[in-house]
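Asker: Dropping the structure in here first, questions after.
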Amino acid sequence: MKTRIILSLAGMVLLAVTGCTSVNTIENAQKEGQRQMVSDQRVITDASLARKVSFVGVNQTMTPGGLLKVQIELLNLKRSLQRFSYQFQWFDASGMQINNVASPTIPDQIEGGESKFISSVAPTPACKDFRVKFIEN
Amino acid sequence: MKKTVLLSILAAAIPFIVGGCASAHYVETGGSESVVTVGQINIQDYIQAANAATSDLLASGALDKVATPPAVLAISRIVNNTGQQIDTDLLTKKIRVALLNSGKAQTTTTMGLGGTAEDPMAKGLQQENEFMNDQKTTRKPDFTLSGKIIQTIARAGSTRQATYSFQLSLTDARTGLAVWEGEKEITKQGARPAVGF
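Line by line, the protein sequences give chains Y and U.
When the letters of the first sequence are read in order and numbered with this note's numbering, they come out as residues 4 to 140.
When the letters of the second sequence are read in order and numbered with this note's numbering, they come out as residues 1094 to 1290.
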């Protein structure tokens, strides 16, 4: 019993020290917009990151200029802020990667319990497929 | 005795030799291993800002609203309001290349601020062609790209924070109205060392 109390206290102290915060949200229940979800293929090599930040889904649309726009929904499964970097890669109809001079590795962060969207627009109308790389910071 | 001294010298030299060889290596430009400094705009910041501006501009469709695509772009003034000496081409060149590769816009190199051409030889040849053919062949720019880079510094105790705002405007050359505007802010935070500069 005494051990349980000590462990609970230790857990609370740890939470206070690490500054765990999570996000509450509110949104309209009847959605006007319809997301065009796409089936995705995932390769997980960093199980630690996957346990913290998960992929909820991927949707895509075309811009007025005929460029593919991709949006990915992420969810922080933990109660603390997580830092990661991501990079979009684009491929043409032949599966060849299209080199983009401004294709950065973007540092980002997500609050505890937060659902967040990241998006990118294809650099040329020739882009048909994409891949996004995630790395824990 | 001599052998022991020689071995000691060799043993002491090995870490320097090994360390010296391993001190320099290549990293991916703008990658996660890049050096991050609070007081300076790093290369990854330029890449990020250029990528954000290009994506936003392409998605807006502003460049598609020209009579004869691709749109012709002229680079106007990019004001540096930071405390550093920076070459704004680090930002604009990336945007130009990305727009050219997208097929949505081409940049003129024969027109520039104050009548200064980026490529004087091309301008000379263009003028010579116009003189020989006795007709204007130069296509005037549809849009101009201007902007400003601003630095905002904040300090609290030993924590330093710098925000770099990359502001860009695309102006319709016929109407003088901004048809697209974008802003990308990058904030970096770091601790100032207790000792030293």
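Even for Gly, the Cβ is constructed at its ideal location relative to N, Cα and C.
Could you give the residue range of the alpha helix (DSSP H) that holds U:Thr1147?
Answerer: Ile1136 to Ser1153 is the span of the alpha helix (DSSP H), which, as asked, contains U:Thr1147.
Asker: What's the gap between the Cα of Y:Gln44 and the Cα of Y:Phe58?
Answerer: About 11 Å.
Asker: Excluding five sequence neighbours on each side, which residues of the same chain lie with their C-beta closer than 7 Å to the C-beta of Y:Gly60?
Answerer: Only Met40 and Glu76 meet the Cβ criterion.
Asker: Return helix, strand or coil for Y:Ala32, following the three-state DSSP convention.
Answerer: Correct three-state label for Y:Ala32: coil.
Asker: Are the C-beta of Y:Leu80 and some C-beta of chain U separated by less than 8 Å?
Answerer: So, not an interface residue.
Asker: Less than 8 Å between the beta carbons of U:Ile1279 and U:Gln1133, yes or no?
Answerer: Not a contact, by the Cβ cut-off of 8 Å.
Asker: Start and end of the alpha helix (DSSP H) containing U:Ala1220?
Answerer: According to the sequence shown, residue 1220 of chain U is Gln rather than Ala. Note, U:Gln1220: alpha helix (DSSP H), Pro1213 to Asn1226.
Asker: Can you tell which of U:Gly1283, U:Thr1245 and U:Met1204 has the C-alpha that lies nearest to the C-alpha of U:Arg1170?
Answerer: The option with the nearest alpha carbon to U:Arg1170 is U:Met1204.
Asker: Could you check what DSSP says for U:Ala1174 in three-state terms: helix, strand or coil?
Answerer: Checking the sequence shown, residue 1174 of chain U turns out to be Asn, not Ala. In this structure, U:Asn1174 counts as strand in the three-state DSSP scheme.
Asker: Is Y:Lys81 helix, strand or coil when you go by DSSP?
Answerer: Coil, per DSSP.
Asker: With a threshold of 16 other CB atoms inside 10 Å of the CB of U:Ala1146, please say whether the residue is buried or exposed.
Answerer: Result: buried.
Asker: Whole angstroms is fine: what's the gap from U:Ser1127's alpha carbon to Y:Asn102's?
Answerer: The straight-line gap from Cα to Cα measures roughly 20 Å.
Asker: Which residues in the same chain as U:Lys1277 place their Cβ atom closer than 8 Å to its Cβ, once the five residues preceding and following it in sequence are excluded?
Answerer: Closer than 8 Å at the Cβ level, and outside the excluded window around U:Lys1277, lie Gln1141, Ala1142, Ala1145, Ala1146, Ser1258 and Phe1259.
Asker: Specify, as a first and last residue, the run of the beta strand (DSSP E) that Y:Asp132 falls within.
Answerer: Element bounds for Y:Asp132: Asp132 to Glu139.
Asker: Inspect the beta-carbon positions of U:Gly1154 and Y:Pro67 and report whether they are closer than 8 Å.
Answerer: Yes.
Asker: Give the straight-line distance between the Cα atoms of U:Glu1121 and U:Gln1220, rounded to the nearest whole angstrom.
Answerer: Their backbone Cα atoms lie some 43 Å apart in a straight line.
Asker: Give the range of the beta strand (DSSP E) segment to which Y:Asn211 is assigned.
Answerer: Residue 211 of chain Y cannot be examined here, being either before or after the span of chain Y that is shown, 4 to 140.
Asker: Just to confirm my understanding: we take U:Lys1281, look at its own chain, exclude 5 residues before and 5 after, and list those with CB closer than 6 Å. What are they?
Answerer: Same-chain partners within the cutoff: Val1131 and Ala1255.
Asker: Whose Cβ in chain U lies nearer than 8 Å to the Cβ of Y:Leu70?
Answerer: Per Cβ cutoff of 8 Å: Leu1151, Ala1152 and Ser1195.
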